Each structure stands twice: as structure tokens, then as C-alpha cells.
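Counting in our numbering, the sequence shown tops out at residue 1141, every number present.
C-beta: ideal position from N, C-alpha, C; glycine also.
Since the structure is predicted, the reported quantities are computational estimates derived from the model, not experimental observations.
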Amino acid sequence: MKPPLLSVVVPVHNVEAYLEDCLRSVAEQTLDAIEVVMVDDGSTDASGRIAAEFAARDERFRLVRQPNAGLSAARNTGVRHTTPTVPYLAFADSDDIVVHDAYERMTAALESSGSDLVTGNVWRLTGQGRQQAWQYRWLTAPRSRTHITRDSRLLADRVAWNKVFRRSFWDAHAFAFPEGRLYEDTPVMIPAHHLASSVDVLAEHVYYWRVREGSITRRRTDVTGVRDRIAACEQVSAFLGGWDAAQRRAYDASCLRDDFGYFLDGLPMGGEAYRAAFLEGAGAFVDRTGPGVLEGLPVELRIKWQLVRERRLTDLLAVLAFERANGTGTFAVEGLPGRRRAVYPGVRGASARLVRTDIPAVARLLEARWGADGKLRLRGYAYLRNLPAGSAHRRLTVGMVRAERGRAVRPVPVRSVPAPEATVNSGQELHGYDHAGFEMVLDPDRLPATTEGAGWLVGLVLAAPGTVRRVAVRAQDAGAEQPLVHDLSDGRRAVLDFRGGRLRLTVSRLRARAEDHRTVAAGTAGASLEIAGRLFDGPTRATAVVLTREDGEEHSCEVAYGEGSGPQGGAPGPDTGAPGPDGLAFTVRVPLAELAAVPPAVHRAPREVEAADGARWQVRLLLADGTRVPLPAAPDLPQPAYADAAGDLVLDLAGPPYVDRVDPTAEGGLRVSGAYTPPAREAGTGTANGSGGRLVLRHETLHEVVPVAEAEVIDAHGTPGTPGTRPALRFSALIAPPLPEGRWELRLDGRPVRVLGSAVARLPCGGGEDALRLERRHGDRLSVVAPPDLPTAGRSAYSRRLLRAAHHPGPRTPGALSSDRRTPSTPRTSRTLPLPLPLPLRDTVLYAGGDSPRAVHAELVRRGTDAEHLWVTGTTPGRTTHVPPGARAVPVHSAAWHEALARSRRIVTDDQLPVWFERRPGQTVVQTWHGTPLGRFGSGLADSLYADHQHLATLPQRSAQWSVLISPSRFATPLLRRSLSYDGEVLEAGSPANDVLCAPDRDKAAEEIRRTLGVPEEHRVVLYAPTYRDHLAHPPSASPDRTAAPGPYRWDPALDPHALARALGPGHTVLVRRHPRVTGSVPAGPGVLDVSHHPGAAGLLLIADVLVTDYAGLMFDFALTGRPMLFHTYDLEHYRDT
């Protein structure tokens, strides 16, 4: 074994689900000269066994055991057990993953620079995949021998696990992690940055930081956590106080921006003890920093920290509630230019005065298209944040392009157009930006030539009374930052892309272009792909083409020149010298069999990260001077060699699915057609949902999967058996509404469907604002956008506030700010407006929810009730609401929904109504609730870490709006009263949803349900119906409603239904029903049916012979059948406490 160059300390405690992946990532490092010390810190699960097995089979790993003492103690123990003479030291947390070559790159940097430590970029790893860690977004370029005093952004670099330390440096300063408290990294890492002689920074990622979903929100209201975090920051601040006063002020400001902000935002959720601990610790910190630190913060932070300094808890909670409805940085503005101030609930004074940076400009691109005239048309929106856009004559918008290099600026005419998307995307309810839209036309012929590789940055100048801002146009989000390539008629190429997030137009002359290809036989060597193109003016000639795979594998091919070159011109002719007016023809023969024989690329990223195209090769020209440049490609080249998102040639032997034609339909749907190469065993024709491949739509964030029903393979072509030339199957599919709201990826056989360059010009494609729309995302991936059942102008939080004011008037004033009318903010000069008279009630019944409201509706229809029946839709993310016959759909948040809440004589619901709803005289609200509670919820969690006290405070007012609560049993009544803070009338009549289980015709109903689901009559039915898990909550961005309850939740079953079906054998059907608040998909398989979208759970209980569940309330409903139940309570201890 080589002498170790690096010691790695891995503390281990109860991480059996992740430890194997972590240790394997360390063991498989490209730097194998390592020693690894694992410290089992009193694990009570299988972690100790897993670590011991690693130590037994790899002599580089050693295991140390100790009683549980915490992360810091485990790290310190690990350092003591490493070899002191090993030159370098690193730490890895046992639920994270180290990038495969991280330690080799990091130690090489230190060997070269002589620095004391090296730090690297970090991925954030969740069940959704990987994302850039926000703390390291600034890290876009490597730096050698830098220092925190010269680059203050390193203040954000506060973790231990993305670093390698020189061991002599670590020992010289006797670093040790503080034991017995949380947030142990910062008190060591920031001093280390300052004490280091120099630091190396790697822009490439070195570490995957696993964020375990659901746990962060809960930890933020822990009294011990907030005290430990504040103590850690105070410790570092005291250290810097003896070092450099300016550095201390910068660090203190960073704590107020980042460290404490996390706990400040959790203040409404916390109980009295948490709030007192926060105010005591954070208040003392702010008192010590002095006013100078606050002055450099954004206005929203200045206000909040000033309230903390003054210990004004009530006003602080009001500001935080206001921010929850509107987002950070949104406020009303009052005062004349130069003396403007932000208007927040209960806030006045110097902290609210606005400076220039408090009113930023926002500019976003919505659509870009090249016209037949060669001009580029841009549509987007731009506004000054917190200053209402108003009408066009009250503001000034001027377009401009600025040379990326140099100072050249050119004005561009701008036309004002409506853009309701601006208000929708702003996510706030104070300001309307519907008039902030713009259109501009860029003519490449009118832009002077720039330095090669440079372009023109597209921006705007916005002016309003007393305010002028210049702003770059940016994409709506990272997924929309793909290039738009257009080849001009005179041999130039125009590329619209984003540089550092800013929109840029580059016009350059093509050096070369691939224009055609064909497959040719090459005897015993197998088939080759002959690529033909033209070389245009350029300083040097290409001597070869180099194909490079993502993992670095390379293959070179010679370039042959001649006018006869190409698939249409026969064999290459003689070299004719310099390119002519139409360029110099060339051909390249790529040996497909040789490339196919190259071992596939190893997927080194974590399993949560989608594997890259392992058979995709980037094609580059090798010039005579040794440089390599991409080879541009014609947009209509088909597989296997085609233009990628940037317009450059790639060769993909896997034959990924791509679309080359898109068309909207008159019914609001989309028709797409394209081609793909299936695996050899599937070659041949068939349906795209059968032997020819499975075409599905997968929700981008919720991972719901919807099959595309009308899809077919229409023909095939190719050379069977030849690598890269298996028959390419043509497919055509109709994507038709209805489709639940959101973005959906089109996938074929599990692979994302891409869009060919020739079809890009038709995107985005759709029939109108209420129709499905096709877009290109993440480069060249095809995305289907399903809009909500609302017009664009009605989708914003701003429009919802206006609708609330119109249909649910209360004591509002002209300056009222809060989304909850019970806590308005009233400027001193305002007066209360008279309330409009309410409109009369209507003889309608409004239903909101699932099974019990559905049962009530069915009974009222059976009895022939004359009332109109309205059904609320769109309440469950990722799912289509089933509206029963005889009811009219009312989309949630629509004008009709607001009116129905205000005017329906009867409302039947099984969940909470909006917090602002107040029952009118003459209205009856029937609360059926959704089943019998088993676990603690609502006020039952008041004394736990998992309580949201902001939500709990609303329960008495919410439950006061109910006329009656339908209780499923005497057992449930006291639980519901206590958990829901309800003291009104209770009707113990049983759950209406369960009536079908006791109905005289239940056998007939069961037969019909079996027939509908396709369950054979002779099969025994096992229903697997687990509840959701709080720790699997999707991020808040997955829910369009900022103020909605937690959830939805990710599907991650602990029981494999397919293994269950195999174990049960023939004659059984396993039905899988996800909780209504759980999203995901159940893969199809023999004997397994996903019945999550069946409109009623009671019907499934009716046909089930056995129920398998955990803690779901369905157990109480199924008990009525008298049939057996099995309880899979693998996490009982955790679930009981949360």
C-alpha cells in the first residue's frame, strides 16, 4: 500500500441509509493514497456494522468506536487517531458524498501553491437531484493563493467537509471542534481562513451535501439550536475583534444576512421559549454590532433587526407574516423621491428609509424568436421593484445593447405591451406589474462587429419619477437559460444566450459547418458515419476531428478536403487550397463500431443524479495550430450526428428520442412527432406505449407520471445490427388536456425527449393562454406546460388580494398591507373606507375536498335537491380533480371560487378553509374532516418541536367558522375538538364517505369497482395505503401557494409492492393508493395497480380483502368491513414523536 498522502475523518452516527454510498465515494477516489478513520459515535442502527465491513475489506479504513458524544467529539477523536505525519487532512460527513476526483484535485492544488488549505464548490443533494449550493453561487472561477481578507465572499465558506488542510497548519494552531453544541464548523473554519497564509479555491465541485428533506424546518425552532448558532457567531466575532475591526464588521453583517436569518424566519413557528431565546441572544448580538452594521443591510433586514434591537416581538411577527404573503423585499413605498420609505406593518423611523439599492430593477425574457427577415424579436417584462408599473405614459423604458468588450452602446426601440406574467412571477400581492411588458427587435445587420467570441449584452433603461435604473435582461429561471441559434444567409451565425445570467447576442462568421451525413459500409471494420461539411474563411485549416466523451475518452478522425466530398458527391476529391465563396468541402469518416466498442462511461455521481448521455460524443475541429473548436452543425441534421442546444455537432450512438415536428391542435392539445433508437431487443414497429417504447409525462418537481395514451410508432429505418445505426423508429403522439398544472417532461423509455434544432423555431408552441404549451428547457429538453384553470391575469397573488377585497370585504384601509385583514397596517393619514354591502346568498352548495364531500353530494343529488352544486378543483398539486356528475367545476383562487365562498348558502368541506374566510349570517359550513386521526396534529403538537405556532394561532378563528363538525366516532370527537381548537356543535354521525361500506347494495358497487379497475373477479385484493411522511416534504417551490400548508410529500414507500405481488403469487392483485398529499409514481408491474387517482378511497376499501398500512386513518374506516389489517410500522418511534 502506498504511504498515505491524505487522512480523511468520517464521523458516523445512525446513517445506515446513506453510509455505504459515502464510504464508497471515499474508497473510490482517484487519489488512492489515503487513510480513512471512521468514528462510530454510538450508533444504534446498522451504521457500525457497515463501517466495520468496510474496515475489514479495505486496509486503508480504520474504525474507532466511542459512546455518543456528538459530531465535534467524533471529529476530534478521528483526528487523534490519524497518522500525524500524513501531509494533508480532510473531513467527510457520513451522509454526504465526495466527488470521485476531489481529493486528487485538492491535494494537487496545495502541492502546487503551498497554501495552507484548499476549498471547493458544493452540490446540494436532495431526492430531486442536485442543485448548486446557494452559499457557493459566487464561486465561478478558481483562485490560487488568495485570502479571506482579499475576498470577503469566503466568509460564506464555513463548513469543514469541502476542504483539505495542510496537516502542519492544522496542528500548529491546535484546531479542534467545539464539543457539546451544534453548528460546530464556523468557529473553526473562519479562524482557519484568517490564520492561513493563503488559500486555494476550486470552482469545480468537490462535494455533495445531502439535505435530508423536512428536517431543516423543524430544527430551526429548536431552542438549543438557536442558542448554539448565536454562540458560534459570537465566538468567531470575538476572534476577529482581536484581528481586524473591518473584518469583524463584515462578518457580523454576514451573520445578520445569513446565519441568523434562518432562525429569524422561523420565529412565527416557534413557541414562547424559542422566541425568548432568539430575542435574548440575537438582540444582544445586534446591540453589540452598533448601527453601522445595520446600515449596510437591505431595508427589509434593517427593519427586522431594528425591531429585534428594540425587542418589539409583536411588530416583528407582523412583518414576518407580511413577508410570508409577499416574499422578502416586497413593500409599499411612500414619500417623495429622495425621501422615500418602505411601508411595513407597524414600522416607522430611520430603518425604513430607502437607499438606491432598495429599489432594484427586474427584467426577464419571456420569449425570443427569429423572424423570416433575419431579425430577432424579444418579448419580456421589466419594472422597478415596489414601484407600480402603471400605464406606459407614466414611465419610460429604453432598450439598449452594450458591447461585451469595450464601451460601445446602441439604443434599441422598445414597444410597451401587456405582460400579466410579470405580476404572476413576482409572487407578491401588493403591486400590479401587468403593464411592464416590452417588445424589442434586434437586427444583426445593424450591430457593428465585435471582438471574436464577444457579443452584445441586452438591457434596458427604466425611468420613473425620481428613479432611473439600468438593468440587464435575464432568464426567468436557470432552466430557461438555453441558447437560441440562427444561421444567417451570408455565412454568419447569430447566437442568443446568457453570459453570467445576462442575455447576450453574438454574431460571428462560421469557421465551418457540418451539413449532412450518411452511413457507409467499410468491410470487416463495420459501418462508418461519413460527415460532410464546408470549411469557410478562417486563419487556420482543420487537420482532424476530435470526438470527446463526457468522461474524457477521445477519438480522432482525419479530415479529407475536396469539392467532391460528401454523401452527395462521392469520394473526396483533391485538396483545392483556400476556401472559395461557398467554402471548401470536407468529409470525415467516423468508425461507428470502434466507438461502440469503447467501454461505457461510469456514472460517478450519486444515484439521485440522472446519468449523463454515456454514448454522446462532442465533435471538435483540431486546427493546425493545435487549438480545438466546436464544429457547428446544420439545425436539421438527424440522428446519430446532430446539432446540440448550442448548435454544435454531437454524435450520440444511443439514439436518444427527439422531436422534429410540433403542432398545436384546435382542442388545446399538442401533436409531436420524432424518432428514437430503441435497444436492440425492441427494434421493430409497435405502439409507443408497448413494444416500441413507453411515452410518459413526468412532472418536473412532483415526479407524478402520466402516460401519453395516444402514441404510436409509424415506421422504421436503418441498418439492423450495426452500432449506432439500429432501426430508428418514428413516433407520433397527441398530448391532450386535461393535465394537472405544472411543467411536465416528455420521456420515452425513461429517457428525456429532446428537440431537434429544426423544430426549435416553432417553440414555444401552443394554442393560447388556457392551452397546453411546448417549451424547450435545460438546453434541448422538451417540456409541456399545463396552465392552471385561470386566465394569466388571474393567477397572481395580487389578483387574489383584489378578489378577496371584492368578495370578502372587511375593515380594510387604503394602506392595508397584510394578506390577513385582521392585521392591517394603516398609515397615519389614511381613513377607513365604508364597506360595500354584501351580495345576497345563493341557493348553492360548494364542495371542497374528497371522499366525504363527494358522499354528501351524491346523497343530495339522489334526493333531488334543487340547489346548484359547485365543486372546487385544482386543490391537490399534481392531480386532476374528479368533478362528479351534476356539479360545476370552480377552480380554486378564481373569481368564481371567491364568489362561491362568499355567496354559497351551504359549504361542505373536509379540510381547512382559507384563513381569511368568515361565515356570513345565513351560511352553513359543514366540516366533515378527512377521517379519524391517529397521530398527533394541530394543537396536539403544541408542546413539541414540530409545532407551527403561527398556524396554531389561527385554529380557533378558523374553526369558529364551522356550523357543525361531523365526527366519525365517539373516539374521534375529543381528539378533533382538541387538535382543531373547536368548541362548536358536533354531530357523531360517522364519516359520510363510509356509508358505501355499510350500504345494502355494497356487493353490487364492489363488482362495478372491480370491473372499472380491471381486477379479475377471482383475485384476492391487497390494498397497500400508507400515509405521508413529514420528512419527505417537497420544497416550498413545489406548491404555487406561498401560504399553503406543508406538503405535498414525496412518494418513498418502505414496502416494495412489486416484491409483495411476487411473494403472493398468481391470483392476487396489489392495489397501491398513495395518500392524497403524496406525489410520485408507482411503476407498472404484474399484479400491481396504482389506484391513487381513483376518485374515492371508500370504494377501494370495499373491494380489498386485506389492508396493509402504517398509521393512515383508513384503518378506522376499513375496520367497518371486519376484514384483516396488517400494520407496517417500521418507523413507529420516529412517527409517534413527530
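Integer Cβ distance of residue i from residue j, believed to fall under 8 angstroms
i      : j      : result
Thr333 : Asn389 : 7 angstroms
Phe180 : Arg78  : 5 angstroms
Ser970 : Val999 : With a Cβ gap of about 19 angstroms, Ser970 and Val999 do not count as contacting.
Leu8   : Ala36  : 4 angstroms
Arg664 : Ala736 : Their Cβ separation, rounded to whole angstroms, is 11 angstroms, which puts Arg664 and Ala736 out of contact at 8 angstroms.
Outcome for residue i when other beta-carbon atoms lying within 10 angstroms are tallied against a minimum of 16
i       : result
Gln134  : exposed
Glu298  : exposed
Val886  : buried
Lys1007 : exposed
Phe325  : buried
Gly269  : buried
Ser559  : exposed
Asp1059 : exposed
Ala199  : buried
Lys307  : buried
Cys258  : buried
Phe940  : exposed
Candidates the options, of which the one nearest residue i by Cα
i       : options                             : result
Pro894  : Ala851, Leu863, Trp919 and Arg857   : Ala851
Leu777  : Arg804, Asp752 and Glu748           : Glu748
Trp141  : Val886, Asp160, His150 and Thr149   : Asp160
Pro1    : Val562, Ala95, Arg60 and Phe1119    : A query on residue 1 cannot be resolved here, the shown segment of the chain reaching from 4 to 1141 and no further.
Leu1016 : Pro1069, Val1091, Ala206 and Leu185 : Val1091
Pro667  : Asp44, Arg342, Cys768 and Tyr186    : Cys768
Arg1206 : Ala975, Leu1026 and Ile1106         : Here the chain comprises residues numbered 4 to 1141, so residue 1206 is not present and cannot be evaluated.
Pro659  : Thr551, Val756 and Pro743           : Val756
Val1018 : Pro1069, Asn428 and Glu313          : Pro1069
His103  : Tyr949, His1022 and Ala608          : Ala608
Leu844  : Gly881, Glu902, Ile53 and His434    : Glu902
Contact set for residue i: own chain, Cβ-Cβ below 8 angstroms, skip 5 residues either direction
i       : result
Val417  : Thr400, Val401, Gly402, Phe441, Glu442, Met443 and Leu463
Ala515  : Gly536, Arg537, Leu538, Phe539, Gly541, Ala545, Gly586, Phe589, Leu624, Leu634 and Pro635
His84   : Val40, Val42, Arg65 and Val67
Val447  : Here residue 447 turns out to be Pro, not Val, going by the sequence shown. Result list for Pro447: Gly377, Lys378, Leu379, Leu491, Arg495, Ala497, Leu508 and Val510, in chain order.
Gly130  : Glu216, Glu611, Leu1035, Arg1053 and Asp1055
Glu1136 : none
Asp913  : Ala851, Gly852, Gly853, Asp854, Ser855, Pro856, Gln930, Thr931, Trp932 and His933
Glu772  : Pro790, Pro794 and Thr795
Thr86   : Pro7, Ser10 and Glu38
Beta-bridge partners of residue i, as assigned by DSSP
i       : result
Ser419  : Phe441
Lys532  : Here residue 532 is Leu; the residue named in the question, Lys, does not match the sequence. Beta-bridge pairing links Leu532 to Thr522 and Val593.
Val403  : What sits at residue 403 in the sequence shown is Met, not Val. Looking at the DSSP assignment, Met403 forms a beta bridge with Pro414 and Gly462.
Met4    : The partner list for Met4 (beta bridge, DSSP) is empty, contrary to what the question assumes.
Ser429  : In the DSSP output, where bridge partners are listed per residue, Ser429 has none listed.
Phe501  : Leu506
Met1128 : Leu1110
Glu556  : Paired residue(s): none; Glu556 is not in a bridge.
Ser1088 : Sequence inspection shows Gly at residue 1088; the Ser mentioned does not correspond to that position. Paired residues: Val1091.
Arg780  : Arg784
Met272  : Per DSSP, none; premise fails for Met272.
Met109  : DSSP lists no partner for Met109.
Pro14   : Val42
His702  : Trp747
Thr927  : Arg909
Arg153  : Arg153 pairs with nothing; no bridge assigned.
Residues near residue i in its chain [Cβ-Cβ closer than 6 angstroms; skip 5 each side]
i      : result
Asp951 : Met272
Pro936 : Leu978
Ala899 : Val893
Val523 : Ser531 and Glu533
Ser984 : Ser942, Leu958, Pro959 and Ser962
Own chain residues within Cβ distance below 7 angstroms of residue i, not counting five before or after
i      : result
Ala206 : Asn124, Leu142, Thr143, Ala144 and Pro145
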